[in-house]
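Q: For the sequence shown, this note's numbering gives the first residue as 924, with consecutive numbering after it.
Where a beta carbon is used, it is the ideal one built from N, C-alpha and C, also for glycine.
Since this is a predicted model, take the numbers as computed values, not measurements.
Sharing a structure with you now.
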Amino acid sequence: MGSLAARAHRDVNLGEFQTAGTPIDLGPLELQCPEERQYILRMAIRAKGGLIRLPSELEWVRPMLDVAQLHQALLDNDHPFVYVTVRHGLVSSETDDAWHVDGFSTKVAHHPEQNYIWTSRDGTEYADLSVKFPEDFDPLAQNVNDYLSRYVDDQAIQACQPQTIYCLDPYMIHRRPQSTAGLMRTFVRISFVPIQINDVNNTQNSLLPQQYDHDGVAHRNTLSSYPG
């Protein structure tokens, strides 16, 4: 399982971006997508190590959840929080087609989360980067995504296969293909996280309501670009 498995039990840090690697291919999987549009952002389906509470409208993602849980067991990583993100319908998001990593934060010391992704078509794009951050880079004040995107070589961009499960961690830069704007597409992400994602933009789960008081979008908008 390579470097993702090795760093799964080390605290999140900038140094790991030197050996980011590529997503782990966990094989093909068919999901029976719903007929109606679904747009769900980081809905908690597990909290504080409790039971999985998957709403009926998300039962169609359970086969993917089962595969992800098996892989988490192989990583020996029983994170107490699990979140589900779904974008099913006409592509309308204006932010996920920019290069980004998911789950990178050093505000609180913690082991990295693992994200499992699946698309119905036009697989997620990624780039295998080896980036050494400057010693004076401050991830609490400066935008990690902006800095990493400077090192993406258009000739080296790769794409995940559709209808296939992949595992990523916070060091793997990726994006939705920009060519998918306005198309019918399904994207699912299941995140296994060691600490609560405290963000008022999260979708609430009626089976597992959570209290949030931090605006993650507003905070990201305050981050500056590293000069140079």
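Figure out for me which residue from Y1149, E1058, P1117 and N1144 has the closest Cα to the Cα of D1092.
A: As a working note, residue 1092 is residue 169 in the sequence shown. Ranking the options by Cα distance to D1092, first place goes to P1117.
Q: What first and last residue would you give for the alpha helix (DSSP H) that runs through V1067?
A: Sequence index remark: in the sequence shown, residue 1067 carries index 144 (1-based). Note, V1067: alpha helix (DSSP H), V1067 to S1072.
Q: On a Cα-Cα basis, can you pick out the residue from P951, E939 and D934 that is closest to D1051?
A: Here the question's residue 1051 lines up with position 128 in the sequence shown. Checking every option, the nearest Cα to that of D1051 belongs to E939.
Q: For R1143 and T945, what's the separation of their Cα atoms in angstroms?
A: Residue numbering aside, residue 1143 sits at position 220 when the sequence shown is read from its first letter. Residue numbering aside, residue 945 sits at position 22 when the sequence shown is read from its first letter. Each residue's Cα considered, the two are about 25 Å apart.
Q: Inspect the CB distances between the segment 1108-1122 and the segment 1006-1026 and report whether three or more fall short of 8 Å.
A: Touching, yes, given that three or more Cβ pairs across the two stretches are closer than 8 Å.
Q: Using the C-alpha atoms, what's the distance from N1121 back to D1136?
A: As a working note, residue 1136 is residue 213 in the sequence shown. As a working note, residue 1121 is residue 198 in the sequence shown. So the two alpha carbons sit approximately 7 Å from each other.
Q: Counting Cβ pairs, one atom from each stretch, are 3 or more of them under 8 Å apart for the segment 1039-1050 and the segment 1095-1106?
A: Yes: at least three Cβ pairs fall under 8 Å.
Q: Buried or exposed, going by whether 16 or more other CB atoms sit within 10 Å of the CB of Y1070?
A: Residue numbering aside, residue 1070 sits at position 147 when the sequence shown is read from its first letter. Buried.
Q: Near S1016, what residues of its chain come up, given a Cβ to Cβ distance below 6 Å and the 5 sequence neighbours on each side ignored?
A: Walking along the sequence shown from the start, residue 1016 turns up at place 93. Nothing meets the Cβ criterion.
Q: Give me, in chain order, the residues of the same chain whose beta-carbon lies closer than 6 Å to that of V1067; leave out the 5 immediate sequence neighbours on both sides.
A: For the purposes of this step, residue 1067 is identified with residue 144 of the sequence shown, where counting begins at 1. Answer for V1067: F1027, listed in chain order.
Q: Against chain C, does F1115 count as a neighbour if the rule is that its beta carbon must be under 8 Å from one of theirs?
A: Among the protein chains of the structure shown there is no chain C, as only one such chain exists.
Q: Enumerate, from N- to C-terminal direction, the unbroken alpha helix (DSSP H) stretches of 4 or more residues contained entirely within the segment 1059-1111.
A: Qualifying alpha helix (DSSP H) stretches, in chain order: 1067-1072.
Q: Determine the direct distance from the alpha carbon of G1151 to that of K971, and round the result to whole angstroms.
A: Looking up residue 971 in the sequence shown gives position 48. Looking up residue 1151 in the sequence shown gives position 228. Whole-angstrom Cα-Cα distance: 42 Å.
Q: Taking C-alpha atoms, which residue in L998, E1058 and V990 lies nearest to L927?
A: By one-based count along the sequence shown, residue 927 stands at place 4. Nearest C-alpha to L927: L998.
Q: For V1140, which option in N1124, S1129 and S1147 has the closest C-alpha, if you only look at C-alpha atoms?
A: Taking the sequence shown and counting its residues from 1, one reaches residue 1140 at position 217. The residue with the shortest Cα to Cα distance from V1140 is N1124.
Q: Are at least three pairs of beta-carbons, each pair with one atom in the segment 957-972 and one in the segment 1082-1091, less than 8 Å apart?
A: No: the two stretches stay apart, fewer than three of their Cβ pairs being nearer than 8 Å.
Q: Can you find the residues in the same chain that come closer than 6 Å, C-beta to C-beta, to Q955, ignoring five residues on each side of it along the sequence?
A: Stepping through the sequence shown from its first residue, residue 955 is reached at position 32. Once the five neighbours on either side are set aside, the close Cβ partners of Q955 are W983.
Q: Assuming N1128 and R976 make a contact with CB atoms under 8 Å, what is their CB distance in whole Å?
A: For this step, residue 1128 is matched to residue 205 along the sequence shown. For this step, residue 976 is matched to residue 53 along the sequence shown. That belief holds up - the Cβ atoms of N1128 and R976 are roughly 6 Å apart, short of 8 Å.
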